Amino acid sequence: MTHQSVGRRTRTGRALLASAAAVAVAASAALLYATSASAAESTLGAAAAQSGRYFGAAVAANKLSDSTYVNILNREFNSVTAENEMKLDATEPQQNQFNFTNGDRIVNHAISRGMAVRGHTLAWHSQQPGWMQSMEGTALRQAMLNHVTQVASYYRGKIHSWDVVNEAFADGSTGARRDSNLQRTGNDWIEAAFRAARAADPGAKLCYNDYNIDNWSWAKTQAAYNLVRDFKQRGVPIDCIGLQSHFNSGSPYPSNYRTTLSSFAALGVDVQITELDIEGSGSTQANTYRNVVNDCLAVARCTGITVWGVRDCDSWRSGGTPLLFECNGNKKQAYDATLAALNSATPVPTTAPPTTAPPTTAPPTTAPPTTAPPTTAPPTSPPPGGGSCTASVISIDQWPGGFVANLRVTAGSAATSSWTVTMALPSGAAVTNAWNSQASGSTGTVRFTNAPWNGQIGAGQSTQFGFQGTGTGGGMTPTCSSS
Ligand code: 9MR
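For the sequence shown, numbering that gives the first Met the number 0 gives the first residue as 0, with consecutive numbering after it.
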């Protein structure tokens with residue numbers, strides 16, 4: 000089965016977007032949902048959402064008082080990454096003394112406006128606090144794992160994807176790991192970090208993030224590819240690859256970029272373009288932005304794009320004018336090209352047909368609702384006869400040996416404060432991880448209980464959750480109970 004069908008793209012994209020929305024606030028989740036077919040949207044975020052993707056920007060906390068900056072941020076983007084505020088030196092300046100003040104400013108700004116948050120970054124050779132820079136060996140390994148655990152736990156439920164490990168491969172032709180104090184703790188430091196991150200925030204997608212892994216023929220790209228393949232084969236938790244994609248004359252946009260994106264995706268991970276900037280100007284720059292967006296849109300699991308800053312003067316490479324807005328806030332040609340490309344994407348249908356049979360279990364015995372039916376999308380399974388929630392499988396993305404299932408939970412005539420979805424898995428299938436819910440049991444009859452942030456569903460409203468499994472995922476008939 001191919002991973003590249005349009006159906007897979009739309010389902011997978013929507014799943015990530017829904018996850019992103021759920022970690023923001025339930026009330027504003029609808030902001031991120033795909034809009035109706037064929038509308039030409041006027042902002043980057045809304046245009047990306049048409050195909051179930053996000054469009055984000057790196058944000059600096061100290062710019063949140065700049066009104067030109069904030070106006071663009073709030074208008075155009077539906078995902079943010081803290082440019083520096085969640086790095087190791089910012090969050091653990093003294094060992095075991097954590098500081099989330101500036102990270103929180105960005106997270107709160109985003110969540111209060113329904114934007115998703117990418118976490119950047121838990122483990123990195125660079126921007127380590129002084130105390131960590133001077134550590135080696137077992138003590139450093141323990142300190143790194145503690146950092147991953149503490150930071151991912153603190154932000155648990157608020158981050159749609161974490162850059163768990165950043166820039167672990169060397170540049171050049173060797174494909175070797177970069178030498179660093181972390182690398183010297185043992186080659187397994189990366190997988191140890193991923194396992195700690197999964198345990199701390201099971202709902203976040205876990206990414207490996209790097210630069211110069213855009214050109215498929217470069218040794219560093221192959222090294223990152225082999226890492227992801229190895230992790231998938233051995234069951235090390237990894238969900239996404241982050242391609243930073245800082246393009247300039249020394250690291251130009253490669254003509255095989257789409258091959259790189261689709262090759263990573265074929266390993267069974269999402270692909271995120273995490274730090275995009277393209278030095279240049281005018282139509283040359285605009286064309287490259289268009290190419291990057293089109294390459295992402297062409298790959299089912301390329302689920303979102305983040306540009307590394309808002310305006311040219313906000314960029315770490317401001318001299319290269321690599322972003323989409325001028326300093327005065329004006330849109331550049333590159334902006335127009337990016338927006339037009341996003342608007343050309345195949346829209347996600349606003350309601351997806353169920354892929355499984357309706358529930359066959361007995362209806363609940365509570366009284367039927369007396370209020371009018373919800374005006375939002377109806378549940379895709381029959382009404383349960385007055386129960387306060389229904390659940391349906393909205394997509395199953397199957398590949399040899401595994402699958403991702405996404406489900407919708409819809410409240411009935413009364414709001415829920417918590418919900419549980421119960422479902423028998425097919426024989427041989429097992430849950431490996433779930434997001435936007437807590438799974439209990441992994442085989443046979445499995446229960447998914449709401450995550451802390453999505454138990455409350457307004458009457459007639461819905462939320463989504465999902466899980467990854469091994470085996471084959473068809474024929475599942477979920478039932479929902481709520482309080
Ligand atoms: O944009 C960031 C800049 O403000 C910092 O000074 C710099 C310090 O290392 O990090 C920049 O962001 C980097 C990101 O965290 C990882 N990939 C490369 C980015 C550009 O250097």
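Yeah, the Cβ is synthetic: ideal placement off N, Cα and C, and Gly gets one too. It should be emphasised that the depicted structure is a prediction, and the values quoted were computed from it without experimental measurement.
Residue burial classification, residue i (beta-carbon count within 10 angstroms, cutoff 16)
i: P236; result: buried
i: E75; result: buried
i: Q460; result: buried
i: R233; result: exposed
i: S125; result: exposed
i: Q93; result: exposed
i: E278; result: buried
i: G319; result: buried
i: Q96; result: exposed
i: D178; result: exposed
i: T444; result: exposed
i: D213; result: buried
i: S78; result: buried
i: N61; result: exposed
i: D269; result: buried
i: S380; result: Low per-residue confidence applies at S380: pLDDT is 41, beneath 50, and the placement is therefore not dependable enough to give any value.
i: D187; result: exposed
i: Q49; result: buried
i: S64; result: exposed
i: D229; result: exposed
i: S387; result: buried
i: G39; result: The question names Gly, but residue 39 in the sequence shown is Ala. That one is exposed.
i: G129; result: exposed
i: T485; result: This structure leaves residue 485 out entirely; the chain is present only between 0 and 482.
i: G241; result: buried
i: S18; result: Any reading at S18 needs caution, since the residue's pLDDT is 44, under 50, leaving its predicted position unreliable; the model's value is listed next. The residue in question, S18, is buried, as its Cβ has 16 or more Cβ neighbours within 10 Å.
i: A138; result: exposed
i: E190; result: buried
i: E135; result: exposed
i: T283; result: exposed
i: S529; result: Lying before the first or after the last residue shown, residue 529 is absent from the chain, which here runs from 0 to 482.
Helix, strand or coil at residue i according to DSSP, with G and I counted as helix
i: A458; result: coil
i: A414; result: coil
i: C326; result: coil
i: A46; result: helix
i: V22; result: Below a pLDDT of 50, predicted positions are generally treated as unreliable, and V22, at 40, falls in that range; the measurement from the model is reported next regardless. Residue state, collapsed to three classes: helix.
i: S426; result: coil
i: T369; result: Residue confidence is low: T369 scores 38 on pLDDT, short of 50, so the model does not pin down where it sits. No coordinate-derived value is stated.
i: L275; result: strand
i: Y53; result: strand
i: G468; result: strand
i: G401; result: strand
i: L226; result: helix
i: A390; result: strand
i: R289; result: helix
i: A433; result: strand
i: T137; result: helix
i: D213; result: coil
i: L266; result: coil
i: T11; result: Note on T11: pLDDT 36, under 50, position unreliable in the model; the coordinate value appears next. Correct three-state label for T11: helix.
i: T337; result: helix
i: S488; result: Any answer about residue 488 is impossible in this case: the structure gives the chain only from 0 up to 482.
i: G473; result: coil
i: T421; result: strand
i: R233; result: helix
i: A39; result: coil
i: T220; result: helix
i: G443; result: coil
i: S481; result: strand
i: G499; result: Here the chain comprises residues numbered 0 to 482, so residue 499 is not present and cannot be evaluated.
i: G488; result: Because residue 488 is not part of the residues shown, which for the chain are 0 to 482, the question remains open.
Which full runs of the beta strand (DSSP E) of 3+ residues lie inside the segment 237 to 263, going along the chain? 239 to 242
Any alpha helix (DSSP H) of 4 or more consecutive residues that is wholly inside the segment 139 to 208: 188 to 199
Beta strand (DSSP E) segments (min. 3 residues) lying fully within the segment 61 to 126: 78 to 81, 115 to 123
Taking 7 Å as the limit, name every residue whose beta carbon sits nearer than that to some heavy atom of the ligand 9MR, in sequence order. A57, E82, N83, K86, H119, T120, S125, Q126, N165, E166, Y210, Q243, H245, E274, W307, W315
Check whether the segment 312 to 328 touches the segment 44 to 53, taking contact to mean three or more Cβ pairs, one atom from each stretch, closer than 8 Å. no
Could you check whether the segment 286 to 305 touches the segment 249 to 260, counting it as contact only if at least three pairs of C-beta atoms, one from each stretch, sit closer than 8 Å? Below 8 Å, enough C-beta pairs join the segment 286 to 305 and the segment 249 to 260 to call them touching: three or more.
Is the segment 214 to 222 in contact with the segment 194 to 204, if contact means three or more CB pairs nearer than 8 Å? The segment 214 to 222 makes no contact with the segment 194 to 204: fewer than 3 CB pairs, one atom from each, lie closer than 8 Å.
Kindly confirm or deny that the segment 105 to 116 and the segment 166 to 177 touch, where touching means at least three C-beta pairs closer than 8 Å. no
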